[in-house]
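Everything below concerns the one structure shown next.
Protein chains: 2
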Amino acid sequence: MLRTHFINQIVPQMEGKEITLAGWVHLVRDLGGKKFLILRDKTGLGQIVIDKNSNSFQVAKDLTQESTIMVRGIVKADNRAPNGVEIHAIEVIPLSIAKSPLPLDVSDKVKADLDTRLKERLLDLRRLEMQAVIKIQNNVVKSFRETLYNEGFTEIFTPKIIATATEGGAQLFPVIYFGKEAFLAQSPQLYKELLAGAVERVFEIAPAWRAEESDTPYHLAEFVSMDVEMAFADYNDIMNIIENLIVNMVQYVKKYNENELKTLNYELPEISKPIKRITYSDAIEMLQSKGTNIKFGDDIGTPELRILNKELGQDLYFITEWPALARPFYTKRKDDNPEISESFDLIFRWLELVSGSTRNYRREVLEKELKARGLNPINFEFFIKWFDYGMPPHAGFGMGLQRLMIMFTGLQNVKEISLFPRDKKRLVP
Amino acid sequence: MLRTHFINQIVPQMEGKEITLAGWVHLVRDLGGKKFLILRDKTGLGQIVIDKNSNSFQVAKDLTQESTIMVRGIVKADNRAPNGVEIHAIEVIPLSIAKSPLPLDVSDKVKADLDTRLKERLLDLRRLEMQAVIKIQNNVVKSFRETLYNEGFTEIFTPKIIATATEGGAQLFPVIYFGKEAFLAQSPQLYKELLAGAVERVFEIAPAWRAEESDTPYHLAEFVSMDVEMAFADYNDIMNIIENLIVNMVQYVKKYNENELKTLNYELPEISKPIKRITYSDAIEMLQSKGTNIKFGDDIGTPELRILNKELGQDLYFITEWPALARPFYTKRKDDNPEISESFDLIFRWLELVSGSTRNYRREVLEKELKARGLNPINFEFFIKWFDYGMPPHAGFGMGLQRLMIMFTGLQNVKEISLFPRDKKRLVP
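Residue numbers (my numbering), protein chains in the order written: chain A, 1 to 429; chain B, 430 to 858.
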């Protein structure tokens, strides 16, 4: 018996047609001697009616929630049913009977806390809310790639096992690589820069790792990093690309995920070009005028970002031109003011989504910037040696997919978004 | 000064127009008191002419191969020039002067061996041959995703740091995860199966790792794995999907990478549906009839695959229904013949590209199959416990991108294809 249709393909115009569905038992109700079975497949929910005197009635009695089944039946238009149709069952074939009770209620009658949800994650991912998140994420990523393809970008796959710390920082996971110590890449930063020096316009969507000790709603030990690097470009070009990316993603999700946004009861922020750009210096001034005692050179933390969000009246804004020494060694300083850098962060309300900059492309500048940060250029020779061989000026950014998805779903914790999140206490499932 | 065009956008119809290009000095020639500079950008090569009495002549004298420059000039149609156009330089601005001599000749006048190429990889990736490989790979991956999107598949991101060996095998890289031992995933196998149990049709393109001790042209310690898993489907459905994927990829590359195939001097194999399917048993019989002393249960090695390739007269063929015990524990046995399994490999000439099967979806069967392979079900409880909660029948496959690219480029070694390959002796660049 083969599935002939997905649930969302069944419409009232198919009245009388015999079809076969496959999916999960979302709910079973007894009513007036009949069984009403809500079947779930990847396209949604559908109502199956099983008559008391049908052969399937006995079979249906043993069906627990979340069992997988196939159903052969006849389409009946019915205004009272969801989507205006129900299926009158001819045959119900159980495929796998689920244990009862379930450790997590997929039909959402009983709400569970996040720890339980992540522990029983497979069941949690079957909840309509998580199905919506997964579908929206699929389109966010798809739209991201489509925009970049249209701008002539090429997809790259950079190495994830690396010999040295990418940016000289800590927070690396050590790997035992054929008996030698190596590390998991925190970011494809240096490799994407090198590839911009060969392929010009590159992007990558791939895992990246940070050994975050702290447990926050915005950090994962393993996350999906969306990276872009572009030769013969500067940070303004990159901000323009990000504007296009974001606006296209928002339009795409609005167009293709109307149902999922409804399921999440979430309204996407209105985003239009240009996205507000405020310099770091102006941001500091604004914060000082609001009575905070922040000063030039300080990081702008969440409480301050909340103030900026309110003052600017913008869901999304760039903070540009950060102090040079607050940024990594590969960040280019401004030619006319070397205290500040050609850099930016993109902020959603009070959450950093993107960090980007013009990069240094001269070996002697890279060496100077490494030293200015107490790093030894010799340890970065594997990277800076290539700058002897004609590196173009270039710029780029990195964006965390799970953080970006907070903007697209209204969820509040990146651990809800990652399918199987990894953090200090989670290595399974 | 901003780039106004890419090189491949300059056509004879633009005669007299002032344009600005950016790129690398591919070659410089002196001829008749003029300099002929071949400029390279991501779209190809273009010819720049610099007159002896122009301001740029002195600048051009210092330009070494692979330096990055910008060039402002006037388009002149000229039949003798490549693409029928050359640019008469008004201004040449050096951006980064490359050291000379280069450790690797990007213009390919001097051929280097693979070790040197991988050591000087950034320069190697600028060679037109590698540029072609990168562009073809971009389209192979793009076409793969497009076909799957059209079939209703959703992109997933599975965890790469895992607690236990995926398939009970060795060859894992240990990771120190917050002081505990964990491993890098050999494959997303178990997670993609679980996700088929929530999302039905899923795919992932992501790194995977095998601690391969041996140095062969077909193995990498880190490779890109293209994975598909589909609920309510069996191995025949999956082979049908693979046929569509391969045929679409071949058409896509033929259509959009004509120039790159020419650069590689490579002709794609003719592939049409259906792709030949031969059972393992028939393959063994055919090999025995050709005088090999292979017997049922043996693996089919490269020498035997060469014979099959010749006998079948096919570039691409499936070997189906392998002995059950030759396949991993998650592989489903045939209902009517439990000695053999619902499985297949896809072979390109004599190279395995894909491995796939119908999977087991009943807990008791999984437990039995684990035991039959000397594995302890308790160690796989994190996986098999979910089979208590309504797993659908499902099937899927895994495909190595770099191996697939051998078919699309004619290159002979996956290390040439991986941008920065990782193997026992390579951790940099």
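Glycine included, C-beta positions come from ideal geometry on N, C-alpha and C.
Point to revise | Inter-residue spacing [alpha-carbon to alpha-carbon] between A/A324 and A/I284 | key: The alpha-carbon atoms of A/A324 and A/I284 are separated by roughly 15 angstroms.
Review point. With C-beta atoms as the reference, is B/I704 less than 9 angstroms away from B/E672?
Key: Taking 9 angstroms as the Cβ cut-off, B/I704 and B/E672 qualify as a contacting pair.
Practice item. Mind listing the chain B neighbours of A/K61? Cutoff is C-beta to C-beta under 8 angstroms, in chain order. Key: Neighbours of A/K61 on chain B: none; closest Cβ ~17 angstroms, over 8 angstroms.
Check your understanding: Of all Cβ atoms in chain A, is any one closer than 9 angstroms to the Cβ of B/W779?
Key -> The C-beta of B/W779 comes no closer than 9 angstroms to any C-beta of chain A.
Check your understanding: Per DSSP, what kind of secondary structure is A/R72 in: helix, strand or coil?
Key -> In the three-state DSSP reduction, A/R72 falls in the strand class (E or B).
**Study point:** Terminal residues of the beta strand (DSSP E) in which B/A824 lies
**Key:** First-last of the beta strand (DSSP E) with B/A824: 823-829.
Point to revise | Closest Cα partner of B/T545 within the set B/P532, B/K538, B/R555 | key: Per the Cα distances, B/P532.
Check your understanding: Cα-Cα, which of B/T449, B/A640, B/R706, B/R792 is closest to B/I807?
Key -> Checked all of B/T449, B/A640, B/R706, B/R792; the closest Cα to B/I807 is B/R792.
Point to revise | Meets three-Cβ-pair contact criterion under 8 angstroms: the segment 105-119 of chain A and the segment 207-219 of chain A | key: Contact between the segment 105-119 of chain A and the segment 207-219 of chain A is absent, because fewer than three Cβ pairs lie under 8 angstroms.
Practice item. Leaving out five residues on either side along the sequence, give the residues of the same chain with a beta carbon under 7 angstroms from the beta carbon of B/H434. Key: Take B/H434, set aside five residues on each side of it, and the residues of its chain with a beta-carbon closer than 7 angstroms to its own are I448, L450, in chain order.
Review point. Under the rule that 16 or more other beta-carbon atoms within 10 Å means buried, what is B/S701, buried or exposed?
Key: Label assigned to B/S701: exposed.
Practice item. Under 8 angstroms by Cβ, that's how I've got B/E750 and B/T708 pegged, so tell me the actual separation to the nearest angstrom. Key: Right, the Cβ-Cβ distance comes to about 5 angstroms (below 8 angstroms), so this counts as a contact.
Review point. What whole-angstrom Cβ distance do A/R121 and B/I590 have, given they're in contact under 8 angstroms?
Key: Not a contact, Cβ separation roughly 15 angstroms.
Exercise for review: Return no unless some Cβ of chain B is closer than 9 angstroms to the Cβ of A/G390.
Suggested key: Output row for A/G390: interface = yes.
Check your understanding: Roughly how many angstroms separate the alpha carbons of B/M820 and B/E689, rounded to a whole number?
Key -> If I take the Cα positions, the gap works out to 45 angstroms.
**Study point:** Beta bridge counterpart(s) of A/N337 as assigned by DSSP
**Key:** A/N337 pairs with A/K334.
Review point. What three-state label does DSSP hand B/L474 in the structure shown?
Key: DSSP places B/L474 in the strand class (E or B) of the three-state scheme.
Exercise for review: Assign B/Y620 to one of three DSSP states: helix, strand, or coil.
Suggested key: Here B/Y620 sits in helix by DSSP.
Check your understanding: Looking only at C-alpha atoms, which of A/K424, A/Q402, A/S100, A/F296 sits nearest to A/S418?
Key -> For the residues A/K424, A/Q402, A/S100, A/F296, the minimum Cα distance to A/S418 belongs to A/Q402.
Practice item. May I ask you to list the residues that DSSP assigns as paired with B/V783? Key: According to DSSP, B/V783 bridges with B/L775, B/M828.
Check your understanding: CA-CA distance, A/D227 and A/K192?
Key -> Cα to Cα, A/D227 sits roughly 8 angstroms from A/K192.
Practice item. Ignore the nearest five residues each way along the sequence and tell me which others in B/V682's own chain have a CB closer than 7 angstroms to its CB. Key: Excluding positions up to five away in sequence, the list reads I565, N568, V569, L697, F837.
Exercise for review: Express the C-alpha separation of A/E86 and A/R29 in angstroms, rounding to a whole number.
Suggested key: Our two residues, A/R29 and A/E86, have alpha carbons roughly 14 angstroms apart in a direct line.
Check your understanding: Between the segment 615-631 of chain B and chain A, which residues of the former have CB atoms less than 8 angstroms from a CB of the latter, in chain order?
Key -> For the segment 615-631 of chain B, the beta-carbon criterion of a distance under 8 angstroms to any beta-carbon of chain A is satisfied by Y620, L623, L624, G626, A627, V628, E629, R630.
**Study point:** Rounded C-alpha distance that separates A/R72 from A/R3
**Key:** Approximately 9 angstroms between the Cα atoms of the pair.
Practice item. State the start and end residues of the unbroken beta strand (DSSP E) segment that holds B/L577. Key: Element bounds for B/L577: not the beta strand (DSSP E) but the alpha helix (DSSP H), 557-579.
Review point. A/N138 CB to nearest chain B CB: under 9 angstroms?
Key: Judged by the 9 angstroms Cβ criterion, A/N138 is in contact with chain B.
**Study point:** Proximal residues, the segment 791-807 of chain B versus chain A, C-beta separation under 7 angstroms
**Key:** Closer than 7 angstroms at the C-beta level to chain A, one finds these residues of the segment 791-807 of chain B: R791.
Practice item. Could you list which residues in chain A have their beta carbon closer than 7 angstroms to that of B/V857, in chain order? Key: Going along chain A in sequence order, the residues near B/V857 (Cβ under 7 angstroms) are A163, F382.
Review point. Is any beta-carbon of chain B found at less than 9 angstroms from that of A/S96?
Key: Judged by the 9 angstroms Cβ criterion, A/S96 is in contact with chain B.
Review point. Where A/S143 and B/G829 are concerned, what is the direct C-alpha to C-alpha distance, given to the nearest angstrom?
Key: Computed Cα separation, rounded: 25 angstroms.
Point to revise | Spatial distance of B/F849 from B/I605 (CA atoms) | key: Near 24 angstroms, if we compare the C-alpha coordinates of B/I605 and B/F849.
Review point. Using a C-beta cutoff of 9 angstroms, does B/D470 count as contacting chain A?
Key: The Cβ of B/D470 sits closer than 9 angstroms to at least one Cβ of chain A.
Review point. Any beta-carbon of chain B closer than 9 angstroms to the one on A/V175?
Key: Yes, A/V175 lies at the interface with chain B (some Cβ there is under 9 angstroms from its Cβ).
Review point. Whose Cβ in chain B lies nearer than 7 angstroms to the Cβ of A/W386?
Key: Chain order gives the chain B residues near A/W386 as L551, where near means a beta carbon separation below 7 angstroms.
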